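Asks: There's a structure below that I have some questions on.
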């Protein structure tokens, strides 16, 4: 399938996450996107005092926008200085609700900003053209054009990390829904635990890697380092870890079945940290799904090809003007 | 918003349902689609003996295809004879999984056919160009271009009848998913009743008009004429009818919440027979939805503008080459 630029171009790509900013100088050619240099740093954010008022929270969000713009601008300059030729543009992916057409970061629960005109703020700091994207859709774009879903017209890319959201490729186009589409982590699957979003029963509250670590820690009475520790305990036969893992598998199965019934993807690409668990995750999901599907189109389940670099590679594709259509 | 033909054209539009075929001679102009003549007849189908083998069932499906092609062809000829000018084309909408591009009716549980090349079969019987569509997406197209969702880029049209499925308009395009998209009636909402599709917990099994009638009849121990009878009993305060109605409202609320979380429609158009219940349906759905939405985009709920004529009007739009894109 590949991509559609004719010549090879260098761009700076930035993926702003809730805890870390990943940036790379990327060479985008007709058939691939190759990171030439990489940078990572913590995502800066304004401190919020416990019990802060709504106004104080809004002010912190605005301050976080300034800090992030500074950090992204610095990364762009640093990587640009290392380029071996002209840099064509910068692509920046951010989390939450994003209006790509207007270049506005509409909302991020995690970073606390609202209606931040990130594209204009960054463009004012550099003479490069800046393209703003959303992290999940950017990851999906990379997997759909170059990775585990290449060649598919109907695919879902499902990163399972601190949160859970999906990039929905249908009929060859990435769905936006005004920037709100794809929040599969927040569908109700019928359990009684409360989610950070305020609702009860969300997939994310039992099946994200954060939920796995949190729920296992609560049951064994000590903190754990993350979902990988739960996975390791599952492999030693720890019944508590197995129970928590099963809950996550049940939740993910139900989420995937919803996606299959509504959107009929040919391929579902599992990404994020949890996908590193490989067959501890994918094989049982495949079995559970096979047992539940009735008339629906059966999807192929795969793990992501680009891991946590997908967002950055997707931002690089956006920077050379590759959109989600084909 | 309107549609995009420049002149006014007459077409024959046919909507093949599980029990009835609706057909019309329709005048499609730049801003509207007006039925000039209408015809209805029962949908013919081959009889299947109880306990028929898979081969016998397949043979009956093939025979039903022939009977339906005969009937549709007759309706086209009859309506064409009544036209006041040249007839431009015929648009035919059928239920189930449809491959619009190839003109093939891939599967209908209700009519028992598989991989029926309906467009080619009909084109062989008439010198008119024939366009094949799917009934739910055709209804959605009519409501999106001319009816209750006109002007929207993100909308869901949800006919609630014998079954439940949705036309999904996202970013101005109707989703197809290889013909499989939109089966919201078959998502699991956690109840224990079995659905005709073979799965347990489907929305359709408690919230379709057929389910309402069936579940009420089972509780009062006598047959009822349909969902309208249940609605009438609800209005007299019958506690059994109210309990069955509440189950349907709960199921529809959960289905709508899923659509809102995944696709973020601005407008949800409730259609089909159940939408005729008006405020017995829409007002409580609106209240329940408001109580459950957290961060999602809140949709406007409306009833369909074209009722059970939407499929026919959508088929007329398809006949003049209007697709779901804008």
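Residue numbers (full-length UniProt numbering), protein chains in the order written: chain A, 1 to 326; chain B, 1 to 326. Quick reminder that beta carbons are idealized off the backbone N, C-alpha and C, glycines included. Owing to the predicted nature of the structure, the values given are computational and were not obtained by experimental measurement.
In chain B, which residues lie with their C-beta within 8 Å of the C-beta of residue 296 (chain A)?
Replies: Taking the first chain and counting its residues from 1, the one referred to as residue 296 (chain A) is at position 296. Chain B residues near residue 296 (chain A): 180, 183 and 186.
Asks: Helix, strand or coil for residue 192 (chain B)? Go by DSSP, reduced to three states.
Replies: Within the second chain, residue 192 (chain B) is the residue found at index 192, counting from 1. Residue 192 (chain B): coil per DSSP, three-state reduction.
Asks: For residue 196 (chain B), collect the residues of the same chain with a Cβ closer than 8 Å to its Cβ; drop the 5 residues on either side in sequence, then sort them by chain order.
Replies: Translated into the one-based positions of the second chain, residue 196 (chain B) becomes position 196. Excluding positions up to five away in sequence, the list reads 109, 204 and 205.
Asks: Within the region 11 to 68 of chain A, note down every full alpha helix (DSSP H) run reaching 4 residues or more, in order along the chain.
Replies: None, since the region 11 to 68 of chain A contains no complete alpha helix (DSSP H) of that length.
Asks: For the region 149 to 166 of chain B, list every residue whose C-beta sits within 9 Å of some C-beta in chain A, in sequence order.
Replies: If the cut-off is 9 Å between Cβ atoms, the region 149 to 166 of chain B has 153, 154 and 166 near chain A.
Asks: Out of curiosity, what's the CA-to-CA distance linking residue 138 (chain B) and residue 255 (chain B)?
Replies: In the second chain, residue 138 (chain B) corresponds to position 138, counting from 1. In the second chain, residue 255 (chain B) corresponds to position 255, counting from 1. Approximately 21 Å, taken between the alpha carbons.
Asks: Compare the C-beta of residue 261 (chain B) with all C-beta atoms of chain A and state if any pair is closer than 8 Å.
Replies: Within the second chain, numbered from 1, the residue matching residue 261 (chain B) stands at position 261. Chain A contact via Cβ: present.
Asks: Beta-carbon within less than 8 Å of residue 180 (chain B)'s beta-carbon, same chain only, minus the 5 sequence neighbours each way: which residues are those?
Replies: Along the second chain, read from residue 1 onward, the residue named residue 180 (chain B) stands at position 180. Within the same chain, residue 180 (chain B) has close Cβ partners 97.
Asks: What do you reckon, are the CB atoms on residue 240 (chain B) and residue 220 (chain B) nearer than 8 Å?
Replies: For the purposes of this step, residue 240 (chain B) is identified with residue 240 of the second chain, where counting begins at 1. For the purposes of this step, residue 220 (chain B) is identified with residue 220 of the second chain, where counting begins at 1. Their beta carbons are under 8 Å apart, which means residue 240 (chain B) touches residue 220 (chain B) by this criterion.
Asks: So with CB distances below 7 Å, who are the chain A contacts of residue 331 (chain B)?
Replies: Residue numbering for chain B in the displayed model covers 1 to 326; residue 331 (chain B) lies beyond these limits and cannot be assessed.
Asks: Taking its Cβ as the centre, do 16 or more other Cβ atoms sit within 10 Å of residue 338 (chain B), making it buried, or is it exposed?
Replies: Not covered by the structure: residue 338 (chain B). The range shown for chain B is 1 to 326.
Asks: If we count the other Cβ atoms within 10 Å of its Cβ and call it buried at 16 or more, is residue 188 (chain A) buried or exposed?
Replies: Residue numbering aside, residue 188 (chain A) sits at position 188 when the first chain is read from its first letter. It counts as buried.
Asks: Could you tell me whether the region 60 to 76 of chain A touches the region 112 to 132 of chain A, using the rule of 3 or more Cβ pairs below 8 Å?
Replies: Yes, since at least three Cβ pairs between the region 60 to 76 of chain A and the region 112 to 132 of chain A fall closer than 8 Å, the two stretches touch.
Asks: Would you mind telling me which residues of chain A sit closer than 9 Å to residue 170 (chain B), beta carbon to beta carbon, in chain order?
Replies: Taking the second chain and counting its residues from 1, the one referred to as residue 170 (chain B) is at position 170. Correct list: 168, 170, 173, 175, 176, 177 and 181.
Asks: Report, in whole angstroms, the separation of the C-beta atoms of residue 285 (chain B) and residue 301 (chain B), which I expect to be a contact under 8 Å.
Replies: As a position in the second chain, residue 285 (chain B) is number 285, starting the count at 1. As a position in the second chain, residue 301 (chain B) is number 301, starting the count at 1. Sure, about 6 Å apart at Cβ, within 8 Å.
Asks: DSSP puts residue 216 (chain A) in a beta bridge; with which residues?
Replies: What you label residue 216 (chain A) is simply residue 216 of the first chain in a count that begins at 1. Beta-bridge pairing links residue 216 (chain A) to no other residue.
Asks: Are residue 311 (chain B) and residue 149 (chain B) close, meaning C-beta to C-beta below 8 Å?
Replies: Counting from 1 along the second chain, the entry for residue 311 (chain B) is found at position 311. Counting from 1 along the second chain, the entry for residue 149 (chain B) is found at position 149. Against a cut-off of 8 Å, the Cβ pair of residue 149 (chain B) and residue 311 (chain B) comes out as no contact.
Asks: Kindly indicate if chain A contains any beta-carbon less than 8 Å away from that of residue 112 (chain B).
Replies: If you number the second chain from 1, residue 112 (chain B) lands on position 112. No - not a single Cβ of chain A is within 8 Å of the one on residue 112 (chain B).
Asks: With distances taken between CB atoms, is the gap from residue 14 (chain B) to residue 90 (chain B) smaller than 8 Å?
Replies: Taking the first residue of the second chain as position 1, residue 14 (chain B) is located at position 14. Taking the first residue of the second chain as position 1, residue 90 (chain B) is located at position 90. Contact flag set, yes.
Asks: I'd like to check one pair, residue 16 (chain B) with residue 328 (chain B): are the Cβ atoms closer than 8 Å?
Replies: Any answer about residue 328 (chain B) is impossible in this case: the structure gives chain B only from 1 up to 326.
Asks: Looking at chain B, is there any beta carbon in it that lies within less than 8 Å of the beta carbon of residue 140 (chain A)?
Replies: Translated into positions along the first chain, residue 140 (chain A) becomes position 140. Answer no: the Cβ-Cβ gap between residue 140 (chain A) and chain B never drops below 8 Å.
Asks: Give a yes or no on contact between the region 270 to 278 of chain B and the region 158 to 166 of chain B, applying the rule of three or more CB pairs nearer than 8 Å.
Replies: These segments touch.
Asks: For residue 29 (chain B), which residues in chain A fall below 8 Å Cβ to Cβ?
Replies: Counted from its first residue, the second chain places residue 29 (chain B) at position 29. The contacting residues do not exist; residue 29 (chain B) stays about 29 Å from chain A at best.
Asks: Using a Cβ-Cβ distance cut-off of 8 Å, determine whether residue 205 (chain B) contacts chain A.
Replies: Within the second chain, residue 205 (chain B) is the residue found at index 205, counting from 1. No, residue 205 (chain B) lies away from the interface with chain A (no Cβ there is under 8 Å from its Cβ).
Asks: Are the Cβ atoms of residue 165 (chain A) and residue 178 (chain A) separated by less than 8 Å?
Replies: Along the first chain, one-based indexing puts residue 165 (chain A) at 165. Along the first chain, one-based indexing puts residue 178 (chain A) at 178. No. Outside cutoff.
Asks: Taking Cβ positions only, does residue 321 (chain B) come closer than 8 Å to chain A?
Replies: Taking the second chain and counting its residues from 1, one reaches residue 321 (chain B) at position 321. No, its Cβ sits nowhere closer than 8 Å to a Cβ of chain A.
Asks: Under DSSP, the alpha helix (DSSP H) around residue 240 (chain B) begins and ends at which residues?
Replies: Stepping through the second chain from its first residue, residue 240 (chain B) is reached at position 240. Here the alpha helix (DSSP H) through residue 240 (chain B) covers 239 to 263.
Asks: If we cut at 8 Å on Cβ distances, does residue 264 (chain A) have a partner in chain B?
Replies: Translated into the one-based positions of the first chain, residue 264 (chain A) becomes position 264. With 8 Å as the cut-off, residue 264 (chain A) counts as an interface residue toward chain B.
Asks: Can you tell me which of the three DSSP states residue 159 (chain A) falls into?
Replies: Start at 1 with the first residue of the first chain, and residue 159 (chain A) comes out as number 159. It is a strand residue.
Asks: Just to make sure I have the definition right: I need the residues of chain A whose C-beta is within less than 7 Å of the C-beta of residue 190 (chain B). Which are they?
Replies: The sequence position of residue 190 (chain B) within the second chain is 190, counting from 1. Going along chain A in sequence order, the residues near residue 190 (chain B) (Cβ under 7 Å) are 190.
Asks: Just reading off the alpha helix (DSSP H) that residue 302 (chain A) is part of, what are its end residues?
Replies: Here residue 302 (chain A) corresponds to residue number 302 of the first chain, with the count starting at 1. Per DSSP, residue 302 (chain A) belongs to no alpha helix (DSSP H); it is in the beta strand (DSSP E), 300 to 303.
Asks: One question on the structure: do residue 43 (chain A) and residue 18 (chain A) come within less than 8 Å of each other, judged by their Cβ atoms?
Replies: For the purposes of this step, residue 43 (chain A) is taken as the residue at position 43 of the first chain. For the purposes of this step, residue 18 (chain A) is taken as the residue at position 18 of the first chain. Cβ distance < 8 Å, so residue 43 (chain A) and residue 18 (chain A) count as in contact.
Asks: Thinking C-alpha only, which one of A:246, A:141 and A:250 is nearest residue 190 (chain B)?
Replies: Position 190 of the second chain holds residue 190 (chain B). Taking only the C-alpha atoms, the option nearest residue 190 (chain B) is A:250.
Asks: With 8 Å as the threshold, decide whether the Cβ of residue 288 (chain A) is near any Cβ in chain B.
Replies: Position 288 of the first chain, counting from 1, holds the residue named residue 288 (chain A). Residue 288 (chain A) does not count as touching chain B.
Asks: Who are the near neighbours of residue 257 (chain B) in its chain, counting only those whose CB is closer than 6 Å to its CB and skipping five residues on each side?
Replies: As a first step, residue 257 (chain B) must be located in the second chain, where it is residue number 257. Correct list, in chain order: 292.
Asks: Taking 8 Å as the limit between beta carbons, can you name the residues of its chain near residue 20 (chain B), skipping five residues before and five after?
Replies: Within the second chain, numbered from 1, the residue matching residue 20 (chain B) stands at position 20. Once the five neighbours on either side are set aside, the close Cβ partners of residue 20 (chain B) are 40, 41, 42 and 43.
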